[in-house]
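FYI, the working numbering numbers position 212 of the sequence shown as 526, with every residue one higher than the one before it.
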Amino acid sequence: MKTYLILGFLLLTINTLHSQEAYWTLLNSGVDNRITAIAKDQDSAIWLGTQSAGLIKYADGVFTIFNSQNSPFTDSYIWALAVDQQNNIWIATQDTGLVKFDGNEWYFYNMNEIAPRSQNNSAWEVEIDDSNNIWVGTYWAGLAKFDGQNWTLYDDSNSPMINGQMEINAISFDKSGNLWYGSDHRGFGMFDRVSFWEIYDIMMWIYCIAIESTNDVWFNGSDLVRLSADSVWSTYGQYNIQRFSNYAIAVDANDRKWMAQADSSGIFLVEDDNFSLFYPQFPEIQNARTYSVYIDKENTKWIGYTNGYLLKYTGDYPVGISNLDIQLPNRFYLSQNYPNPFNPSTKISWQSPVGSHQTIKVFDVLGKEIATLVDEYRDAGSYEVNFNASSLSSGIYFYQLNAGAFVKTMKMTYLR
Numbered sequence: 315m316k317t318y319l320i321l322g323f324l325l326l327t328i329n330t331l332h333s334q335e336a337y338w339t340l341l342n343s344g345v346d347n348r349i350t351a352i353a354k355d356q357d358s359a360i361w362l363g364t365q366s367a368g369l370i371k372y373a374d375g376v377f378t379i380f381n382s383q384n385s386p387f388t389d390s391y392i393w394a395l396a397v398d399q400q401n402n403i404w405i406a407t408q409d410t411g412l413v414k415f416d417g418n419e420w421y422f423y424n425m426n427e428i429a430p431r432s433q434n435n436s437a438w439e440v441e442i443d444d445s446n447n448i449w450v451g452t453y454w455a456g457l458a459k460f461d462g463q464n465w466t467l468y469d470d471s472n473s474p475m476i477n478g479q480m481e482i483n484a485i486s487f488d489k490s491g492n493l494w495y496g497s498d499h500r501g502f503g504m505f506d507r508v509s510f511w512e513i514y515d516i517m518m519w520i521y522c523i524a525i526e527s528t529n530d531v532w533f534n535g536s537d538l539v540r541l542s543a544d545s546v547w548s549t550y551g552q553y554n555i556q557r558f559s560n561y562a563i564a565v566d567a568n569d570r571k572w573m574a575q576a577d578s579s580g581i582f583l584v585e586d587d588n589f590s591l592f593y594p595q596f597p598e599i600q601n602a603r604t605y606s607v608y609i610d611k612e613n614t615k616w617i618g619y620t621n622g623y624l625l626k627y628t629g630d631y632p633v634g635i636s637n638l639d640i641q642l643p644n645r646f647y648l649s650q651n652y653p654n655p656f657n658p659s660t661k662i663s664w665q666s667p668v669g670s671h672q673t674i675k676v677f678d679v680l681g682k683e684i685a686t687l688v689d690e691y692r693d694a695g696s697y698e699v700n701f702n703a704s705s706l707s708s709g710i711y712f713y714q715l716n717a718g719a720f721v722k723t724m725k726m727t728y729l730r
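Written as structure tokens, this is what we have:
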């Protein structure tokens, strides 16, 4: 009897391991080139954007490459891909503007003509809304919308968008249909696609946006930040995630966040506030870097690498991954307050590599001290404090970190 029980347990263990392995499939696209974007069309074909090898279609186990050798399409850097309700593939490129491919014909849209302020013929982002409008992030010329017939351009001349947000790197839609966009160095904004705007003017580079079913919005780029549906800010500097190295983030059916770790072959997995990091065990990608992540409607994860490999994962949660320990910072750092402008509260975050007596003080434009938020010894680590300005008048204020010999002052704006 014991023999049968042990054998049964052994078979169960082996089957479980084989089942886990069966969830993973590594595919070679046929090009040694960075996979920069991924999308899935209505016929279940997977489309890949590359750095300089053209557009790739994966269907029925076959990769088909479209480039300057066999099509009108150039080998321009592809920043983003999107599929509309007619199954057209929309391609945002570095030098060829916006391109549409219907499976037979190619259509080219010159971004210099659509957005005359654009500094070149670049489309940095493309997304499709629920009304089948095409939304395009331009290069320093604002946000463009195409309804199939006419173009509408939103910029700092006809909307609350600020000049520093004219380069749009990321676009995403929440469950209420609101459009969220991320800019190259001045934060992000929200547009209800009718008339209402919210502008978040902060010193942050946004490379990608992902939105949970709860409407919590995640921004990644120079920092990783979450804005909850009830307007609570969270920052994740305590994990020492490499800044400026994460170009992709996607949310799965369970609201887990999958992030490309562009300085290695690893993948970050975020569930609630728990961070994990895992490295798929395939020798072909051990020296490559993850660059793109896409999750389709069947909850299949597609991960693109810098050497042209595409990893497919059909499971729910990988086994054998390790939690990412909170690491002590290796330098002093004072973050821009979130949100900014604010009303009436904002959060100030900082980090210290050593223990010391630390103060956070707030001053008005005349240099008068308004508030002392922190005045005590703090161990090495990352911290956050809330500042409520409800008793103050609108205007510019400054907050200053003093920690040992380190002093840093930053500006914030209070709008009542």
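Glycine included, C-beta positions come from ideal geometry on N, C-alpha and C. These figures come from a predicted structure and were not determined experimentally.
Bridge-paired residues (DSSP) for residue i
i, result
"D689", "T673"
"M518", "None, per the DSSP bridge assignment."
"K414", "W404, Y421"
"K661", "Y652, N700"
"N716", "T673, V721"
"Y337", "DSSP lists no partner for Y337."
"N534", "C522, L538"
"L369", "G363, F380"
First and last residue of the uninterrupted alpha helix (DSSP H) at residue i
i, result
"N426", "425–428"
Candidates the options, of which the one nearest residue i by Cα
i, options, result
"W664", "V679, F677, L687", "L687"
"S436", "Q714, N424, N446, S445", "N424"
"W494", "A524, W465, L467", "A524"
"I599", "Y627, G622, R645, P632", "G622"
"D566", "S579, D586, S385, A484", "D586"
"L706", "M504, V679, E427", "V679"
"N651", "W511, Y697, E427, I563", "Y697"
"A429", "K459, R645, Q463, V721", "K459"
"Y711", "L583, N342, Y691, E683", "E683"
"T388", "L412, F377, D398", "L412"
"D544", "V440, I516, Y521, P653", "P653"
Contacts around residue i, its chain only, beta-carbon distance under 8 Å, and the 5 residues preceding and following it disregarded
i, result
"I581", "W572, M573, A574, Q575, L591, F592, Y593, P594, T604, V607, I617"
"D357", "A373, N401"
Residue i, enclosing beta strand (DSSP E) - first and last residue
i, result
"Y728", "720–728"
"E585", "581–585"
"V539", "538–541"
"E441", "437–442"
"Y608", "604–609"
"G451", "448–452"
"S490", "Note, S490: premise wrong, no beta strand (DSSP E); not H, not E."
"A458", "457–460"
"I563", "563–565"
"N588", "588–592"
"V397", "392–397"
"A351", "349–354"
Own chain, CB closer than 6 Å to residue i, minus 5 neighbours either side, in chain order
i, result
"G669", "D693, A694"
"K414", "N402, W404, Y421"
"G501", "Y514, D515, I516, M518"
"R431", "A455"
"P655", "T727, L729"
Cβ neighbours of residue i in the same chain (closer than 7 Å, five flanking residues each side left out)
i, result
"Y550", "L538"
"M480", "W454, A455, G456, D469, D470"
"T628", "Y337, T614"
"F720", "F646"
Counting Cβ pairs, one atom from each stretch, are 3 or more of them under 8 Å apart for the stretch 518–536 and the stretch 465–474? Under the 8 Å Cβ criterion, the stretch 518–536 does not count as touching the stretch 465–474, having fewer than three qualifying pairs.
Sufficient close CB pairs (3 or more, under 8 Å) joining the stretch 400–408 to the stretch 355–369: Flag = yes, the stretch 400–408 and the stretch 355–369 touch.
Does the count of Cβ pairs from the stretch 386–398 and the stretch 364–378 closer than 8 Å reach three? The stretch 386–398 makes contact with the stretch 364–378, as at least three CB pairs between them are under 8 Å.
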